[in-house]
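Novice: Numbering (the working numbering), first residue to last: 226 to 1308. Backbone N, C-alpha and C fix where the C-beta goes; we use that ideal spot for every residue, glycine too. Remember, predicted model here, so these are calculated numbers, not experimental data.
(1) If you drop the 5 nearest sequence neighbours on each side, which residues of the same chain put their C-beta closer than 7 Å to that of residue 1108?
(2) In chain order, what residues of the same chain lie with their CB nearer than 7 Å to the CB of residue 913, ignoring the 5 residues before and after it?
(3) Residues in the same chain with beta-carbon distance under 6 Å from residue 605, minus the five sequence neighbours each way, listed in chain order, please.
(4) Is residue 921 buried or exposed, if buried means 16 or more other CB atoms sit within 10 Å of its CB?
(5) Output the residue ranges of the beta strand (DSSP E) runs that lie fully inside the stretch 694-721 and measure 3 residues or longer, sorted by chain position.
(6) With distances taken from CA atoms, which of 770, 1063 and 263 is nearest residue 1021?
(7) Which residues mark the beginning and the end of the beta strand (DSSP E) in which residue 240 is found?
(8) Three Cβ pairs or more, each shorter than 8 Å: is that satisfied between the stretch 571-582 and the stretch 590-605?
(9) Assign residue 693 to one of two classes, buried (16 or more other C-beta atoms within 10 Å of its C-beta) or exposed (fewer than that).
(10) Helix, strand or coil for residue 325 per DSSP?
(11) Taking buried to mean at least 16 other C-beta atoms within 10 Å of its own C-beta, is residue 542 buried or exposed?
(12) Taking the alpha carbon of residue 199 as the reference point, which residue from 1150, 977 and 1166 has its own alpha carbon closest?
(13) Any idea what DSSP makes of residue 972, helix, strand or coil?
(14) Rounded to whole angstroms, what's the CA-CA distance from residue 502 to residue 451? Just pull it up for me.
(15) Mind reading off the beta-carbon distance from residue 1370 to residue 599? Whole number of angstroms is fine, and I expect it under 8 Å.
(16) With distances taken from CA atoms, which of 589, 590, 652 and 630 is nearest residue 615?
(17) Are there 16 or more other CB atoms within 10 angstroms of the CB of residue 1060, so buried, or fewer, so exposed?
(18) Just reading off the beta strand (DSSP E) that residue 250 is part of, what are its end residues?
(19) Nearest-angstrom Cα distance between residue 235 and residue 380?
(20) Whether or not the stretch 538-557 and the stretch 578-586 are in contact is what I'm after, with contact meaning three or more pairs of Cβ atoms, one per stretch, closer than 8 Å; do they touch?
(21) Got a sec? Which residues, its chain only, sit under 7 Å from residue 1212 by beta carbon, not counting five neighbours each side?
(22) At which residues does the alpha helix (DSSP H) containing residue 389 begin and terminate?
(23) May I have the straight-line CA-CA distance separating residue 592 from residue 643, to the nearest angstrom?
(24) If residue 585 sits next to residue 352, beta carbons under 8 Å apart, how far is it from one beta carbon to the other, in whole angstroms?
(25) With burial defined as no fewer than 16 other Cβ atoms inside 10 Å of the residue's Cβ, what is the status of residue 842: buried or exposed?
(26) What first and last residue would you give for the alpha helix (DSSP H) that runs through residue 1015?
(27) Could you tell me whether the stretch 1096-1104 touches the stretch 1068-1085, where touching means 3 or more Cβ pairs closer than 8 Å?
(28) Report the three-state DSSP secondary structure of residue 857 (helix, strand or coil).
(29) Among 1091, 710 and 1014, which one has its Cα closest to the Cα of residue 1043?
(30) Here's the rule: buried if 16 or more other CB atoms are within 10 angstroms of the residue's CB, otherwise exposed. What is residue 710?
(31) For the stretch 700-707 and the stretch 762-782, state whether three or more C-beta atom pairs, one from each stretch, are separated by less than 8 Å.
(32) Give the DSSP bridge partners of residue 541, in chain order.
(33) Can the beta-carbon of residue 454 be found less than 8 Å from the beta-carbon of residue 443?
(34) If you draw a straight line from the C-alpha of residue 1084 to the C-alpha of residue 378, how long is it?
(35) Can you give me the start and stop residues for the alpha helix (DSSP H) that residue 430 sits inside?
(36) Please report the Cβ distance between residue 316 and residue 1256, rounded to the nearest whole angstrom; I am assuming they are in contact, meaning their Cβ atoms lie under 8 Å.
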């Protein structure tokens, strides 16, 4: 029968098992249970997933009073009926023939350090805190942080045993540090509930808010907090005033400790101690001068080492660098004296949203179709929002205020609010309006430091603003206010304390920012374009050679600065001033020279012959200088390209165009003009989508190169091999830029021109081996365009022709590294097309051959670091083929090796943003394959590490929008797989819907790639698995089949790939004629 030790509570899926009250509770109803039935359920809950025999249940629940196992069978039948379970399709209790019973549903314990007032109805108004922190009065509705409370308790107990009872809790602004202590830890310590073998309790506590340290003396603040300590109504430190105790803290710490020990003597047997909570610890580092701070920290250290008090310090994690400067806060760091408070996961968010509402008698509505619950929607929105906790509480409080009769939190009210994003903007406007007028006026001056745009993508994005960019005390106070309000987040960015908008939704939904952007968007684009020039100038230690030349960029920037001076930093203003001064000096020199020429006209006539000779010499020297420039640029590019250092030429842009572009060709040899065209193509390569990303500069360079080449076509003395090679290179880079921008028709047009140039070269110079080699490259490029268009048979024909051409050229020039790499490239692309056609054995053979050749090139010349990236690509191709063959262990090994090569490539060239983005993209792909093999816990750990890598590479991903979106989609699909393994059905459905929505948006915005189609297939397989396993899936069959049919039409473009065949076959029940047949297909 039940004993007192059994009086606990469990969460059994959606049921709450109240053992003490002997009843099952849910949002819809309460079901009473007989004592013996509850005893059986309690025993099964304490032994989940174990097979429990009838004999064991008889012994545990009936003792020796029952004969035979018939009572057990009857009790199980009653229990199933109460739970709504079935013996044929068990969701809760499974019958194991001839052996007993097993509880298969997920069980969670409502632990003793969690929600303590759950049993009583919450009758004190709203269970949500809005913008305030939870305190001990609201411990009964403080859910979702049980694990963090237990961890903090154990760390504090360990620190006490070490003799230094202080723990520093670190977390982002708004992460819930204060609530964790006030509503979680303190009620636990007050009730003297011990965890494991630790014995820890408090007699009283006080919170010292260090945000007041600027206005009041630190010792007085500490004295006031210590005088609040009492025991059974008696002050522990009696006989002191605040000033007296502050003075003794400063001058006679041993005396304070003696008095404190005497005051605590009656509590010694109870092991109860006072607790001091240091809130807003970061304020010490910004507001207290060192002469005041250091003595105070010494006094605090003496108090802690006395082992008479407990201390919890709460600090924002962006102040960690300041924290490390003070030894007292670094003591025992390696022994877990620091605790990082992480954001809640989906399970914790579900408790935060649902359980307080249940305690207060509230319930969530559904959408108009009745299929989706509001609490599921809120949990999904909160999971994907940055720093969502304060926002979530604010939204829930707003919903509470708008509740309908019967305590209904409605779907319509959440829609009217605009969801979490709408709540953000409403709150942001309210907070800004509540600030002093001076700070409100400074807000438009702060916005340009927080928002970035570009000419290529005018969508505004949040940018990090360093603390050093703030130009006034008003701006600094505004930033601090917005951080406190959780509208800005803080972190160490590039080694400096920095700020950033906490929610990208503010850029999309806050009307104040939208209006400001509409007014200043073009100015921001010009500002951000100027920023790259300024950064190069600063990197070159303000060298004059890096000032802006006379031209459109300078005059646009100068005009914009005059109109909107607040958009530009002081360094930008100085750069423009010096650039204009340099131009003015040159103009003054030219005007002075003209004036002098007029004055010396007579002398000029007398010296006409000599002057003509001098002019001829100057023109000749200018021609020689231009010729040397173009020759050196071409030669230098050829040397830098193999080692992956073309970015060193990125400063050669508009200046290079002005020197090498629209200049007269009279008296210039054809080969010199050809060299100029080659240099212009190099400039385009450096600034292309595969380089710096300055597309406008790249296109202007190619236009000027094509103009020069067109003028050369009819001239005598042109070396045809060089001419057609440069003509083809110009067409190639024009096509590559269009290809990377998703403009396939324009890319194909340019690559056909590349092929035609190679064919004309081959026809004009049949014996020139380089012509065949270039033709192979052109055919390969056309094949890659066919791949992007998913014309697989056509792509295969192009790649086979390209491979044949390159192998023929290689046979004629054995050992040519460029030709070997060309063969590797063709084999890689052909492997990809074979994989798409489902011919994975051939794909694997081709990728293995390509990998062997590429590795040989790398071994021959290890200084050519571009090979590192190519080796990574070859391993990715190999992994794709192995995945198609179902050889997952080998596929994982291949991707891990590819990741290692790509990491080396990135370390060699941190400026290559595409490689950095590809590394994150590859890591997400690796987790997708691991999901087929590894336990969900392992994948979850690696997914957390991937989130850290994404934050680290935010700059690179922001510049590679497609790779960024594909990476985020892959991570959402991984979440689906993890949710299935952990049987988190609601969470999994939210992730399925999120992944489908993200994929649809990606496919609408750009041409789908074959990897996107395989990702759709993988998601369809996981969706099918959810429909087969989830308890509530039967209600969603119709809606889910509609989604799967849409996915099937998308997958038809890659119909022969292995995973697509598997996914389309799994989806076949959705194409049956009757709804009944559809439903049975998912049993």
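Specialist: The relevant details are as follows:
(1) Numbered from its first residue, the chain shown carries residue 1108 at position 883. Short of 7 Å from the beta carbon of residue 1108, and not among the five residues preceding or following it, lie these beta carbons of its own chain, in chain order: 1116 and 1154.
(2) The sequence position of residue 913 within the chain shown is 688, counting from 1. So the qualifying residues of the chain are 923, 958, 961 and 962.
(3) Start at 1 with the first residue of the chain shown, and residue 605 comes out as number 380. Cβ contact annotation for residue 605 (same chain, cutoff 6 Å, sequence separation greater than five): 1215, in chain order.
(4) To locate residue 921, count along the chain shown from 1; it is residue 696. Burial call: exposed.
(5) If only uninterrupted beta strand (DSSP E) runs of at least 3 residues are considered, those enclosed by the stretch 694-721 are 713-718.
(6) For the purposes of this step, residue 1021 is taken as residue 796 along the chain shown, with counting starting at 1. Ranking 770, 1063 and 263 by Cα distance to residue 1021 puts 1063 first.
(7) The sequence position of residue 240 within the chain shown is 15, counting from 1. Taken as a continuous stretch (DSSP letters only), the beta strand (DSSP E) holding residue 240 covers 240-243.
(8) Judged by Cβ distances under 8 Å, the stretch 571-582 makes contact with the stretch 590-605, as three or more pairs qualify.
(9) As a working note, residue 693 is residue 468 in the chain shown. It counts as exposed.
(10) If you number the chain shown from 1, residue 325 lands on position 100. Reduced to three states, the DSSP call for residue 325 is strand.
(11) Taking the first residue of the chain shown as position 1, residue 542 is located at position 317. Counting Cβ neighbours within 10 Å, residue 542 comes out buried, since at least 16 surround it.
(12) Missing from the structure shown is residue 199; the chain here goes from 226 to 1308 and no further.
(13) On the chain shown, residue 972 is found 747 positions in, with the first residue counted as 1. Of the three classes helix, strand and coil, the one that applies to residue 972 here is helix, per DSSP.
(14) Locating residue 502 in the chain shown gives position 277, where the first residue counts as 1. Locating residue 451 in the chain shown gives position 226, where the first residue counts as 1. In a straight line, the C-alpha of residue 502 is about 11 Å away from that of residue 451.
(15) It is not possible to answer for residue 1370, since the shown part of the chain is limited to 226 through 1308.
(16) Looking up residue 615 in the chain shown gives position 390. Checking every option, the nearest Cα to that of residue 615 belongs to 652.
(17) Numbered from its first residue, the chain shown carries residue 1060 at position 835. Its Cβ being crowded by 16 or more others within 10 Å, residue 1060 is buried.
(18) Within the chain shown, the letter at position 25 stands for residue 250. Unbroken beta strand (DSSP E) run through residue 250: 248-250.
(19) Locating residue 235 in the chain shown gives position 10, counting from the first residue. Locating residue 380 in the chain shown gives position 155, counting from the first residue. In this structure, the straight-line span from the alpha carbon of residue 235 to that of residue 380 is close to 26 Å.
(20) Not touching, per the Cβ criterion.
(21) Along the chain shown, one-based indexing puts residue 1212 at 987. So the list reads 571 and 1204, once near-sequence residues are dropped.
(22) Working through the chain shown from its first residue, we reach residue 389 at position 164. Neither: residue 389 is in no alpha helix (DSSP H) and is coded neither H nor E.
(23) Here the question's residue 592 lines up with position 367 in the chain shown. Here the question's residue 643 lines up with position 418 in the chain shown. If I take the Cα positions, the gap works out to 15 Å.
(24) One-based indexing of the chain shown puts residue 585 at position 360. One-based indexing of the chain shown puts residue 352 at position 127. Going by Cβ atoms, the distance from residue 585 to residue 352 rounds to 4 Å, so yes, they are a contact pair.
(25) Residue 842 sits at position 617 when you count from the first residue of the chain shown. For residue 842, the pLDDT reaches just 44, beneath the cut-off of 50, and the residue's location in the model is therefore unreliable, although a value from the coordinates is still provided. The residue in question, residue 842, is exposed, as its Cβ has fewer than 16 Cβ neighbours within 10 Å.
(26) Within the chain shown, residue 1015 is the residue found at index 790, counting from 1. No alpha helix (DSSP H) holds residue 1015; DSSP gives it neither H nor E.
(27) The stretch 1096-1104 makes contact with the stretch 1068-1085: 3 or more CB pairs, one atom from each, lie closer than 8 Å.
(28) Within the chain shown, the letter at position 632 stands for residue 857. Unreliable positioning characterises residue 857 in this predicted model, as indicated by a pLDDT of 43, which lies under 50. The coordinate reading is nonetheless provided below. In the structure shown, residue 857 falls within a helical segment according to DSSP collapsed to helix, strand and coil.
(29) Indexing the chain shown from 1 puts residue 1043 at position 818. Of 1091, 710 and 1014, the residue nearest in Cα terms is 1091.
(30) Position 485 of the chain shown holds residue 710. With 16 or more other Cβ atoms within 10 Å, it is buried.
(31) These segments do not touch.
(32) If you number the chain shown from 1, residue 541 lands on position 316. Its beta-bridge partners are 396.
(33) As a position in the chain shown, residue 454 is number 229, starting the count at 1. As a position in the chain shown, residue 443 is number 218, starting the count at 1. Result no, Cβ atoms of residue 454 and residue 443 do not sit closer than 8 Å.
(34) Against the chain shown, residue 1084 aligns to sequence position 859. Against the chain shown, residue 378 aligns to sequence position 153. Their Cα atoms are separated by approximately 56 Å.
(35) Position 205 of the chain shown, counted from the first residue, corresponds to residue 430. The continuous stretches of alpha helix (DSSP H) do not include residue 430, which lies in the beta strand (DSSP E) extending over residues 426-434.
(36) Walking along the chain shown from the start, residue 316 turns up at place 91. Walking along the chain shown from the start, residue 1256 turns up at place 1031. Distance from residue 316 to residue 1256 at the Cβ level is roughly 5 Å; contact confirmed, criterion being Cβ atoms closer than 8 Å.
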